[in-house]
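S.K.:
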Amino acid sequence: MTKDDVLQAAQKAKEAGSTRFCMGAAWRDTIGRKTNFNQILEYVKEIRGMGMEVCCTLGMLEKQQAVALKEAGLTAYNHNLDTSREYYPNIITTRSYDERLKTLEFVRDAGINVCSGGIIGLGEAEEDRVGLLHTLATLPTHPESVPINALIAVKGTPLQDQKPVEIWEMIRMIATARIVMPKAMVRLSAGRVRFSMPEQALCFLAGANSIFTGEKLLTTPNNDFDSDQLMFKLLGLIPKAPSFEEGALKDCMEENCEEAVSVTG
Numbered sequence: 419m420t421k422d423d424v425l426q427a428a429q430k431a432k433e434a435g436s437t438r439f440c441m442g443a444a445w446r447d448t449i450g451r452k453t454n455f456n457q458i459l460e461y462v463k464e465i466r467g468m469g470m471e472v473c474c475t476l477g478m479l480e481k482q483q484a485v486a487l488k489e490a491g492l493t494a495y496n497h498n499l500d501t502s503r504e505y506y507p508n509i510i511t512t513r514s515y516d517e518r519l520k521t522l523e524f525v526r527d528a529g530i531n532v533c534s535g536g537i538i539g540l541g542e543a544e545e546d547r548v549g550l551l552h553t554l555a556t557l558p559t560h561p562e563s564v565p566i567n568a569l570i571a572v573k574g575t576p577l578q579d580q581k582p583v584e585i586w587e588m589i590r591m592i593a594t595a596r597i598v599m600p601k602a603m604v605r606l607s608a609g610r611v612r613f614s615m616p617e618q619a620l621c622f623l624a625g626a627n628s629i630f631t632g633e634k635l636l637t638t639p640n641n642d643f644d645s646d647q648l649m650f651k652l653l654g655l656i657p658k659a660p661s662f663e664e665g666a667l668k669d670c671m672e673e674n675c676e677e678a679v680s681v682t683g
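Structural data, given as structure tokens:
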């Protein structure tokens with residue numbers, strides 16, 4: 419995407435009610451991508467200038483790159499653990515679990531909010547779901563954001579025949595995340611396009627207080643702005659205003675999560 423494409427997408431997201439704009443790149447890491455990385459730093463500065471929070475997911479980071487993103491104004495960095503340490507080698511071989519944790523450490527040390535969650539429906543056992551949440555909940559500081567994704571089986575991939583995640587599995591995962599990380603923004607993420615509005619409402623009641631909106635999440639379909647605006651209106655949900663204060667995350671009870679929901683475009 420060109421710079422104009424990115425900024426136009428950010429403006430569209432803001433006009434649709436999003437308070438945070440997330441940019442992603444299909445990179446293993448940022449090493450050897452100095453030009454592209456510098457472009458992203460400029461995007462962060464410009465989108466921050468629009469009055470939006472900014473999130474990136476760019477793969478593994480080096481310490482100095484995390485510092486540069488912080489200086490550019492980045493609000494949060496997404497780097498999911500995906501699943502438990504035990505099940506991880508069955509899904510990913512291009513980077514280790516410890517390398518993912520090291521990136522989260524660099525992000526935290528730079529003063530950027532951590533966004534890290536996982537995917538259910540990969541063929542993992544319930545113990546692996548517990549293991550993922552346990553790892554996140556026992557980090558030195560809880561992630562500010564915890565995305566819960568339901569696998570969208572894509573034809574032609576090794577997981578194309580995986581059974582779709584049932585709504586009750588999603589609700590249970592969200593509720594458990596809310597219990598063990600009470601101050602986190604638990605984000606209803608990829609896969610919710612399969613769930614009806616009443617099913618998504620149950621996810622909010624279970625503890626989700628944030629969504630990712632927009633037509634696509636990376637390469638998979640997602641609910642668009644119009645459908646999410648309609649859902650918010652019908653459910654009486656009010657988008658949470660962006661906050662640029664250091665460590666501004668408040669307790670869920672203070673935010674009145676039944677009414678204030680974070681919307682990420």
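First residue of the sequence shown: 419, per the numbering used here; consecutive thereafter. Where a beta carbon is used, it is the ideal one built from N, C-alpha and C, also for glycine.
Measuring only from the beta carbon, is Thr594 closer than 6 angstroms to any heavy atom that is part of the ligand FAD?
M.R.: The model depicted lacks the ligand FAD and carries no ligand whatsoever.
S.K.: I'd like to know whether the C-beta of Thr631 is nearer than 7 angstroms to at least one C-beta of chain D.
M.R.: Here chain D cannot be found, since the structure has a single protein chain.
S.K.: Under the three-state reduction of DSSP, which class applies to Arg596: helix, strand or coil?
M.R.: Along the sequence shown, read from residue 1 onward, the residue named residue 596 stands at position 178. Correct three-state label for Arg596: helix.
S.K.: Can you give me the Cβ contacts of Gly609 inside the same chain, cut-off strictly under 6 angstroms, excluding the 5 residues immediately before and after it?
M.R.: In the sequence shown, the residue the question calls residue 609 occupies position 191. Asn567, Ala568, Ile570, listed in sequence order.
S.K.: On the premise that Ala528 lies in contact with Leu487, defined as a C-beta separation below 8 angstroms, what is that separation, rounded to the nearest angstrom?
M.R.: Within the sequence shown, numbered from 1, the residue matching residue 487 stands at position 69. Within the sequence shown, numbered from 1, the residue matching residue 528 stands at position 110. About 7 angstroms separates the two Cβ atoms, so the contact holds.
S.K.: Who are the near neighbours of Met441 in its chain, counting only those whose CB is closer than 6 angstroms to its CB and skipping five residues on each side?
M.R.: The sequence position of residue 441 within the sequence shown is 23, counting from 1. Contacts found: Cys474.
S.K.: Let me make sure I understand the geometry here. Which of Phe439, Ile458, Gln578, Glu464 has the alpha-carbon closest to that of Ala484?
M.R.: As a position in the sequence shown, residue 484 is number 66, starting the count at 1. Minimum Cα distance to Ala484 is reached at Ile458.
S.K.: What's the call for Glu460, buried or exposed, on a 16-neighbour Cβ count within 10 Å?
M.R.: Residue mapping note: residue 460 aligns to position 42 of the sequence shown, counting from 1. By the C-beta density criterion, Glu460 is exposed, having fewer than 16 other C-beta atoms within 10 angstroms.
S.K.: Go ahead and label Ser607 buried or exposed: buried means 16 or more other beta carbons lie within 10 angstroms of its beta carbon, across all protein chains shown.
M.R.: Residue 607 sits at position 189 when you count from the first residue of the sequence shown. Classification of Ser607: buried, given that the 10 Å Cβ count is 16 or more.
S.K.: Roughly how far, in whole angstroms, is the beta-carbon of Gly539 from the beta-carbon of Gln578, given that I think they are within contact range, below 8 angstroms?
M.R.: On the sequence shown, position 121 is the one that residue 539 refers to. On the sequence shown, position 160 is the one that residue 578 refers to. Contact doesn't hold; Cβ gap of about 12 angstroms is too wide.
S.K.: Excluding the five sequence neighbours on either side, which residues of its own chain have a C-beta within less than 7 angstroms of the C-beta of Ala687, listed in chain order?
M.R.: Because the chain is modelled from 419 through 683, residue 687 falls outside the range shown and cannot be assessed.
S.K.: Using the rule of at least 16 other Cβ atoms within 10 Å of the residue's Cβ for burial, across every protein chain shown, is Lys658 buried or exposed?
M.R.: To locate residue 658, count along the sequence shown from 1; it is residue 240. Answer is buried; the Cβ neighbour count reaches 16.
S.K.: Check for me: the beta strand (DSSP E) holding Ala494 runs from which residue to which?
M.R.: As a first step, residue 494 is located in the sequence shown; it is residue number 76 there, counting from the start. Segment 494 to 496, the beta strand (DSSP E) holding Ala494.
S.K.: Quick check: what's the CA-CA separation for Gln426 versus Asp644?
M.R.: The residue given as residue 426 occupies position 8 in the sequence shown. The residue given as residue 644 occupies position 226 in the sequence shown. If you take the alpha carbons of Gln426 and Asp644, they lie about 17 angstroms apart.
S.K.: Between Val572 and Gly541, what straight-line distance do the alpha-carbon atoms span, to the nearest angstrom?
M.R.: If you number the sequence shown from 1, residue 572 lands on position 154. If you number the sequence shown from 1, residue 541 lands on position 123. Computed Cα separation, rounded: 14 angstroms.
S.K.: By a C-beta neighbour count over all protein chains shown, 10 Å radius and 16 as the cutoff for buried, is Asn454 buried or exposed?
M.R.: Looking up residue 454 in the sequence shown gives position 36. That one is exposed.
S.K.: For Thr559 and Glu489, what's the separation of their Cα atoms in angstroms?
M.R.: In the sequence shown, counting from the first residue as 1, residue 559 sits at position 141. In the sequence shown, counting from the first residue as 1, residue 489 sits at position 71. Rounded to the nearest angstrom, the two C-alpha atoms are 21 angstroms apart.
S.K.: Does DSSP put Val532 in a helix, a strand or coil?
M.R.: Position 114 of the sequence shown holds residue 532. The answer is strand: DSSP assigns Val532 an E or B state.
S.K.: In this structure, how does DSSP classify Phe439 when only helix, strand and coil are distinguished?
M.R.: Reading the sequence shown from its first residue, position 21 is the one you call residue 439. Correct three-state label for Phe439: strand.
S.K.: Using a threshold of 7 angstroms, state whether the C-beta atoms of Ser502 and Asp546 are closer than that.
M.R.: Locating residue 502 in the sequence shown gives position 84, counting from the first residue. Locating residue 546 in the sequence shown gives position 128, counting from the first residue. In this structure, Asp546 lies closer than 7 angstroms to Ser502 by Cβ.
S.K.: What does a CB cutoff of less than 7 angstroms around Ala593 pick up in its chain, not counting 5 residues either side in sequence?
M.R.: Reading the sequence shown from its first residue, position 175 is the one you call residue 593. The answer, listed in chain order, is Ala624, Gly625.
S.K.: Reducing DSSP to helix, strand and coil, say where Ser645 ends up.
M.R.: Working through the sequence shown from its first residue, we reach residue 645 at position 227. Of the three classes helix, strand and coil, the one that applies to Ser645 here is helix, per DSSP.
S.K.: Val564 and Met599: beta carbons closer than 7 angstroms?
M.R.: Counting from 1 along the sequence shown, the entry for residue 564 is found at position 146. Counting from 1 along the sequence shown, the entry for residue 599 is found at position 181. Yes; because the gap between Cβ atoms is below 7 angstroms, this pair is in contact.
S.K.: Would you kindly work out how many angstroms separate the C-alpha atoms of Ile589 and Gly469, rounded to a whole number?
M.R.: Indexing the sequence shown from 1 puts residue 589 at position 171. Indexing the sequence shown from 1 puts residue 469 at position 51. In a straight line, the C-alpha of Ile589 is about 32 angstroms away from that of Gly469.
S.K.: Quick one: give me the first and last residue of the alpha helix (DSSP H) that Thr475 is part of.
M.R.: The residue given as residue 475 occupies position 57 in the sequence shown. No alpha helix (DSSP H) holds Thr475; the beta strand (DSSP E) holding it covers 471 to 475.
S.K.: Shortest alpha-carbon distance to Gly491 belongs to which of Phe613, Asp516, Ile509, Lys463?
M.R.: Position 73 of the sequence shown, counted from the first residue, corresponds to residue 491. For the residues Phe613, Asp516, Ile509, Lys463, the minimum Cα distance to Gly491 belongs to Lys463.
S.K.: Could you check which residue in His552, Thr521, Val611 has the C-alpha nearest to that of Val583?
M.R.: Here residue 583 refers to the residue found at position 165 of the sequence shown. Looking at the Cα atoms, Val611 is the closest of the given residues.
S.K.: Give the single residue among Ser628, Ala543, Thr631, Val525 whose Cα lies nearest to the Cα of Asn496.
M.R.: For this step, residue 496 is matched to residue 78 along the sequence shown. Nearest option by C-alpha distance: Val525.
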